[in-house]
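Below is one structure, written out as structure tokens; comments come after it.
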Ligand SMILES: Cc1cc2nc3c(=O)[nH]c(=O)nc-3n(C[C@H](O)[C@H](O)[C@H](O)COP(=O)(O)OP(=O)(O)OC[C@H]3O[C@@H](n4cnc5c(N)ncnc54)[C@H](O)[C@@H]3O)c2cc1C
Ligand code: SF4
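Residue numbers (my numbering), protein chains in the order written: chain H, 2 to 65; chain V, 520 to 904.
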């Protein structure tokens, strides 16, 4: 399992993560970020890409 | 940043060889966008990239610049006299600030912004109530105008174009930005340039082309940048505007591409996939990330590793993305707006949030918006570069 944490104080809701890991991140109707706090190992590459691309460096990934 | 991202991508793609990251600055890799924004406001802002040394398994050689590369002998030598040999070289040395020359070329109380230490020097020099003159109304000039206004400075921006950021975003979008800045107290002196500096030791003001003078306590130059490519000279490369690359991001020589030499990030001048236009550089944050992934795959492929879904003839075709925060304006763009021959308001209105489309002939080459991220994102897939 992978744990995903987004620091919502840092997140500016740019939505770049949505394109890297669409199964985990999405922007809701108000353009605010929503995400799943846990993910399957198969999402590792996508989530890693989201961590890299986030302009605010707001995403943290913890492997369990 | 490009260097670090390349090392990370190499490890993720399975590369097991030695990696050395050679950097001119003594800092570990850090994120530049906050330099003109949060980090200037608050020295506590975390700006270094998270490093996972266990997975990175790379040697950092910091505070020592590359001064010469010999691509035939596959060596790089440094300022401090070290020499490294390599099988593959990734050039990711970015840019440095450009500086203007004046007759009265005063240097004290004069700043530019590219590195952490630039921001620290500027932060130390300013205090609330100071008068600041900024030369240049591009992204860095405008972001600095916003941040320094927040810090209580009185800011004057001077630039030769008619509207700040018009060159990057087009006139309609740029007018909104100018109005917003002016409402917060920024003064623009557009269609003009600085003829000379005024003062004896410290800068006291600037003289404009039309003869008017503006008093200032400090001067910031945000007039563009130069590419750090000198260390690559004498290798038969095209270094006329960054490092010229081919479709696989290999350095180009008149005798053909060098498959062991790559360029990444701000210095990389790379060709269009299907447009008959000269190769370009893109100074956006997501470009080194995309290039690093591609370079890592290519190196691993050359090393005979199994790289899923990779073909070395695949044309590199990234979607550039840029954001900028100024006051409470959040600007986000996708694509290459500079290609546009016309623009169109796609959603919203210029008095509030909006999305603008940028077209070359009838093709959408970019979108940019103030707010409205959800709408903006829906156009992403339609952009054709
Ligand atoms: C103030 C500022 C604000 C920005 N804001 C934004 C923004 O809001 N949004 C956005 O999309 N982009 C922004 N950018 C652009 C973005 O930061 C760059 O596109 C990105 O950093 C490019 O990465 P790079 O790896 O090519 O270069 P850099 O990150 O500049 O790294 C180049 C490194 O090479 C080192 N170096 C130079 N010469 C040598 C040498 N001879 N030997 C060894 N090392 C050397 C440098 O010290 C530096 O560490 C901003 C840039 C600046 C300066
Ligand atoms: S990319 Fe980063 S800032 Fe953007 S929505 Fe995702 S977490 Fe937030």
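Note that CB positions come from ideal geometry on N, CA and C, so glycine has one too.
Residue environment for residue 747/V: buried (at least 16 other C-beta atoms within 10 angstroms of its C-beta). Nearest C-alpha to residue 583/V among 592/V, 589/V, 598/V, 593/V: 598/V. DSSP places residue 658/V inside the alpha helix (DSSP H), whose first and last residues are 658-669. Nearest in C-alpha terms to residue 888/V, of all of 546/V, 881/V, 871/V, 880/V, is 871/V. Between residue 59/H and residue 3/H, the C-beta gap is not smaller than 9 Å, which leaves the two residues out of contact. For residue 845/V, the enclosing beta strand (DSSP E) starts and ends at 840-845. Taking one beta carbon from each stretch, the region 597-617 of chain V and the region 771-789 of chain V have 3 or more pairs nearer than 8 Å; the two touch.
Neighbours of residue 54/H in chain V, taken as residues at a C-beta separation under 8 Å, are given in chain order as 805, 808.
With 16 or more other Cβ atoms inside 10 Å of its own Cβ, residue 525/V counts as buried.
In the DSSP assignment, residue 610/V is bridged to 782/V. For residue 640/V, the enclosing alpha helix (DSSP H) has its first and last residue at 635-644. The residue from 698/V, 757/V, 674/V with its alpha-carbon nearest to that of residue 847/V is 698/V.
Pairing residue 639/V with residue 680/V, the inter-Cα distance amounts to about 29 Å.
According to the DSSP secondary-structure assignment, residue 849/V is paired through a beta bridge with 844/V. Per DSSP, reduced to three states, the secondary structure at residue 820/V is helical.
Between the beta-carbon of residue 884/V and that of residue 903/V there is about 7 Å, and that keeps the pair under the 8 Å contact cut. Note on the region 667-703 of chain V: whole alpha helix (DSSP H) runs with a minimum of 4 residues are 685-688, 690-702, in chain order. Think of a sphere of 8 Å around the beta carbon of residue 28/H: the chain V residues whose beta carbon falls inside it are 892, 893, 896, in chain order. Taking 9 Å as the cut-off, the Cβ atoms of residue 798/V and residue 834/V do not count as close. For ligand 1, a non-hydrogen atom lies closer than 8 Å to the CB of residue 633/V. Using beta-carbon distances, residue 552/V counts as an interface residue toward chain H, with a partner under 9 Å.
Distance from the Cα of residue 800/V is smallest, within the candidate group 814/V, 763/V, 656/V, 811/V, for 763/V.
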